[in-house]
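Sequential numbering of the sequence shown, starting at 3, is according to our numbering.
Glycine included, every Cβ here is placed at the ideal spot set by N, Cα and C.
Just below is one structure, and these are the notes that go with it.
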Amino acid sequence: LHQVQLSLEGRALLDSPDLVLLDIRDRDRVAELFGEIRPDVVFHAAALKHLPLLQAHPVEALKSNVWGSLSVLDAAAAAGVTRFVNISTDKAANACSILGYSKRIAEGLTSYFGLRHPGTYLSVRFGNVLGSRGSVLTAFRAQIEAGGPVTVTHPDVTRYFMTIEEAVQLVIQAGAIGHDGEALVLDMGEPVKISDVARRLCANHVPEIPIVFTGLRPGEKMHEELFADGEASHQSDHELIRYVRVPDLDPTFVRDVDAKVSGKDMASLLEFLARTMTVALGDDPVPSDVFEAPRVDRVADGAL
Numbered sequence: 003l004h005q006v007q008l009s010l011e012g013r014a015l016l017d018s019p020d021l022v023l024l025d026i027r028d029r030d031r032v033a034e035l036f037g038e039i040r041p042d043v044v045f046h047a048a049a050l051k052h053l054p055l056l057q058a059h060p061v062e063a064l065k066s067n068v069w070g071s072l073s074v075l076d077a078a079a080a081a082g083v084t085r086f087v088n089i090s091t092d093k094a095a096n097a098c099s100i101l102g103y104s105k106r107i108a109e110g111l112t113s114y115f116g117l118r119h120p121g122t123y124l125s126v127r128f129g130n131v132l133g134s135r136g137s138v139l140t141a142f143r144a145q146i147e148a149g150g151p152v153t154v155t156h157p158d159v160t161r162y163f164m165t166i167e168e169a170v171q172l173v174i175q176a177g178a179i180g181h182d183g184e185a186l187v188l189d190m191g192e193p194v195k196i197s198d199v200a201r202r203l204c205a206n207h208v209p210e211i212p213i214v215f216t217g218l219r220p221g222e223k224m225h226e227e228l229f230a231d232g233e234a235s236h237q238s239d240h241e242l243i244r245y246v247r248v249p250d251l252d253p254t255f256v257r258d259v260d261a262k263v264s265g266k267d268m269a270s271l272l273e274f275l276a277r278t279m280t281v282a283l284g285d286d287p288v289p290s291d292v293f294e295a296p297r298v299d300r301v302a303d304g305a306l
């Protein structure tokens, strides 16, 4: 909120009536706020996004990204919003992590509301946004300033990147051209090899900055995907934006499940994910080792 007010108003005294401190997990407070302000357009960007933390604390991911999103959707529908844009991630395509599963479920919930409520409800999938909190460039620069080493998970790992300006334009365009139940994706060109990014940033630095490969973490992919294997992408009215249709997910699949899934009950959590992803959304089965390290050979630590 400090950064939001600073960027919008040029000051950050946190005294604006337009800033509201609220937890989207607080269903009643979310409903109360939406009832007070009656918004026309909602950009739902509240989420937990750091993959390793969510792998370690999966129930927290579901509380915010699934049940929190459902609270916002319920409140938006009750308030009669005309446009609802759910901010998703490329990790929702062929999901293999708790982050990906939680955002895929949120896409399905958004699609459901679009089919059954007035207004337009759609999702937008982002790649990695350069300069955002936790972005790889921010981490690399901090490591270089500290004298290194720069850590990369794997020499061949690739990611899609977009600038903050591109991300903002995608959200605005999506709100204008998207339709119910769609997930819109910006054409982000070719994926970038992370090790190449690290080498460019370290080039000509004196003293030399070592690059160390640490191995893929649980839930990480070697290469991200913008669309799932079974998804057919279509050209939108914007030449740089494509879309897929997201199966709608009945909220009864997820309502009140939080009372049954405790923080350490992985069996119940897996059962919930399997039932939701496979039965409700028609995605591939959730592997039983989803919380374990990926089966990719760890690259020995070493400097380049």
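query, result
"Look at the alpha carbon of alanine 200 and the alpha carbon of aspartate 239, and state the distance between them as a whole number of angstroms.", "36 Å"
"Could you tell me which residues DSSP puts in a beta bridge with glutamine 288?", "It is valine, not glutamine, that sits at residue 288 in the sequence shown. None; valine 288 has no bridge partner."
"In whole angstroms, what is the alpha-carbon distance linking leucine 55 and histidine 207?", "32 Å"
"Checking the sheet assignment: what are the DSSP bridge partners for glutamine 237?", "Arg244"
"Could you round the C-beta distance between valine 61 and alanine 108 to whole angstroms and report it? I think they count as a contact, below 8 Å.", "Incorrect: roughly 16 Å between the Cβ atoms, too far for contact."
"Cα-Cα, which of Val32, Ser113 and Leu124 is closest to alanine 80?", "Val32"
"Please state whether DSSP places leucine 188 in a helix, a strand or coil.", "strand"
"Which of the three DSSP states, helix, strand or coil, is assigned to tyrosine 106?", "It should be pointed out that residue 106 corresponds to arginine in this sequence rather than to tyrosine. In this structure, arginine 106 counts as helix in the three-state DSSP scheme."
"Tell me whether the beta-carbon of glutamine 57 lies closer than 8 Å to the beta-carbon of glycine 221.", "yes"
"Work out the CA separation of lysine 195 and tyrosine 245 for me, nearest whole Å.", "25 Å"
"With DSSP as the reference, label methionine 224 as helix, strand or coil.", "coil"
"Assuming valine 43 and threonine 84 are in contact, meaning their beta carbons sit under 8 Å apart, how far apart are those beta carbons, in whole angstroms?", "7 Å"
"Along the beta strand (DSSP E) that carries arginine 27, what are the first and last residues, could you check?", "Where arginine 27 is concerned, there is no enclosing beta strand (DSSP E), given that its DSSP letter is neither H nor E."
"Below 8 Å between beta carbons: does that hold for tyrosine 123 and phenylalanine 115?", "yes"
"Do alanine 152 and isoleucine 213 have their C-beta atoms within less than 8 Å of each other?", "The question names alanine, yet the displayed sequence has valine at residue 152. Contact: yes."
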